[in-house]
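K.L.:
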Amino acid sequence: MNQMNDRRVKMTKLLLQEALVELLLTKHISKISVTHLCQTADIHRSTFYTHYTDPYDLLHQIQTDVVNNIRHYMAQQTTDERSPVSKQKLIPLLEYGKKNADLISVLLSDHCDDVLENEIMRFVNLISLSHLNKVDDAMKDYVILFGVSGSMAMIKKWLQESTKVSAETLADLIIQLTEKGVGYYSKQSN
Numbered sequence: 001m002n003q004m005n006d007r008r009v010k011m012t013k014l015l016l017q018e019a020l021v022e023l024l025l026t027k028h029i030s031k032i033s034v035t036h037l038c039q040t041a042d043i044h045r046s047t048f049y050t051h052y053t054d055p056y057d058l059l060h061q062i063q064t065d066v067v068n069n070i071r072h073y074m075a076q077q078t079t080d081e082r083s084p085v086s087k088q089k090l091i092p093l094l095e096y097g098k099k100n101a102d103l104i105s106v107l108l109s110d111h112c113d114d115v116l117e118n119e120i121m122r123f124v125n126l127i128s129l130s131h132l133n134k135v136d137d138a139m140k141d142y143v144i145l146f147g148v149s150g151s152m153a154m155i156k157k158w159l160q161e162s163t164k165v166s167a168e169t170l171a172d173l174i175i176q177l178t179e180k181g182v183g184y185y186s187k188q189s190n
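Using this note's numbering, the first residue of the sequence shown is number 1, and each one after it goes up by one.
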C-alpha cells in the first residue's frame, strides 16, 4: 500500500509540475493562481496544499531539481584546466537542456524568476574566475559578464529553436567565441 501511495504522490507532483510549465508558457509566475494550476492539472486544491504552499513553492522545487540535475551532470565530467569552458562539461549540460527543452526554456524565460539562470551564471563565473586571475579586477567582471551572458543567450535561442543544431556544434561555437572573445583577456594577461 505504501508503494502505491508513493506512486500516487509522484504522479500528482508530476501532473502539477507539467501544469505549471504549461501555464508558464503564457503567464508570469505571479499571475498563476493555485485554482488555475489545479484546474490545469485536474487536481483538487487540498491535494495541491498537501505538497506545496503556493505556485512559487512548486516552481522553487522544480528549479531545485533542475539545478541539482545540472550539478550532477557537471560533477561527472572532467575538464581541461587550460580552458574556462570545456567541451566535456558543456555537451552534457546542453544534452540535458535538449532532453528537457520545454522545461529549461520556461525556467529561463521572463515568466519565471532568475534562479536557474543565476545558478548557471554562478557556475560559469566560478570556472571563469580561475582562468582570469591575472586580469585587472576592474575588467574581470565585464569580461565574465560578456562571456556568460553571450553563452546564455545562445543556449536560450538554441532551446527555443528546438535545437536545430547539435549540442556538439553549439558547444564548439560557444567555446570558440569564449576563447577568442573572453579568452583574449586571459591570454593577454599571461
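Where is the CB? At the ideal position from N, CA and C, for every residue including glycine.
So, Ile174 versus Ser149, is the Cβ gap smaller than 8 angstroms?
P.N.:
Taking 8 angstroms as the Cβ cut-off, Ile174 and Ser149 do not qualify as a contacting pair.
K.L.:
Taking the alpha-carbon positions, what's the Lys156 to Asp137 distance?
P.N.:
Looking at the two C-alpha atoms, the distance is approximately 29 angstroms.
K.L.:
Could you pull the start and end residues of the alpha helix (DSSP H) that Ser162 belongs to?
P.N.:
From DSSP, Ser162 is part of no alpha helix (DSSP H); its letter is neither H nor E.
K.L.:
Around the Cβ of Arg75, are there at least 16 other Cβ atoms within 10 angstroms (buried) or fewer (exposed)?
P.N.:
According to the sequence shown, residue 75 is Ala rather than Arg. Exposed, by the Cβ-count rule.
K.L.:
Less than 8 angstroms between the beta carbons of Thr12 and His51, yes or no?
P.N.:
Their beta carbons are under 8 angstroms apart, which means Thr12 touches His51 by this criterion.
K.L.:
Let me confirm a value: Leu37 is counted as buried when at least 16 other C-beta atoms fall within 10 Å, else exposed. Which label applies?
P.N.:
Leu37 is buried by the Cβ-count criterion.
K.L.:
Should Thr178 go down as buried or exposed, given a rule of 16 or more other Cβ atoms within 10 Å for buried?
P.N.:
When all chains shown are included, Thr178 counts as buried.
K.L.:
Which one of Gln160, Leu24, Arg71, Asn118 has the shortest CA to CA distance from Pro92?
P.N.:
Closest option to Pro92, Cα to Cα, is Arg71.
K.L.:
So Leu108 and Glu117 are supposed to be a Cβ contact under 8 angstroms. How far apart are they, rounded?
P.N.:
So it is a contact: roughly 6 angstroms between Cβ atoms.
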